[in-house]
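Beneath this line is the structure, given in structure tokens, with notes to follow.
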Amino acid sequence: MTIKLMVFLKVEIGTSRVVINKLQQIPEVKQISYITGEYDIMFTLETNRTKQLYQKFVNDIDAILEIKESSSHLIIQEWNHSDQDN
145 MTIKLMVFLK VEIGTSRVVI NKLQQIPEVK QISYITGEYD IMFTLETNRT KQLYQKFVND
205 IDAILEIKES SSHLIIQEWN HSDQDN
């Protein structure tokens, strides 16, 4: 079973491109968006196990020093345009 997270980041001013480049090097990061509002960057992360999820954060994401704050949200259900009444 795939575990999916939406992760929102606040980054140091002027470092968005640096953070995006570092996130692009992590295979489990599937989509990265530069956004407006309270957070600067949003990405989705997919793993197969919670231990792998933990290791990605501790070893890769937490190591990005330009990140000031993060907020992670577990995706528990997704729908596509073509899905009806699911």
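Note that the working numbering has the sequence shown beginning at 145, numbered continuously upward.
Built from N, CA and C at the ideal position, the CB exists for glycine as well.
Note that the structure is a prediction, hence the values are computed from the model and not measured.
Query raised in the report: Nearest-angstrom Cα distance between Glu-213 and Thr-146?
Result: Answer to the nearest angstrom: the Cα atoms are 25 Å apart.
Query raised in the report: Cβ of Tyr-183 within 8 Å of Cβ of Lys-154?
Result: yes
Requested in this report: Taking all protein chains shown into account, decide if Leu-189 is buried (16 or more other Cβ within 10 angstroms of its Cβ) or exposed.
Outcome: buried
Query raised in the report: Mind checking Asp-172: buried by the 16 CB within 10 Å criterion, or exposed?
Result: A small fix is needed here, since residue 172 is Glu in this sequence, not Asp. Under this definition Glu-172 is a buried residue.
Query - Thr-194, enclosing alpha helix (DSSP H) - first and last residue - result: 194-200
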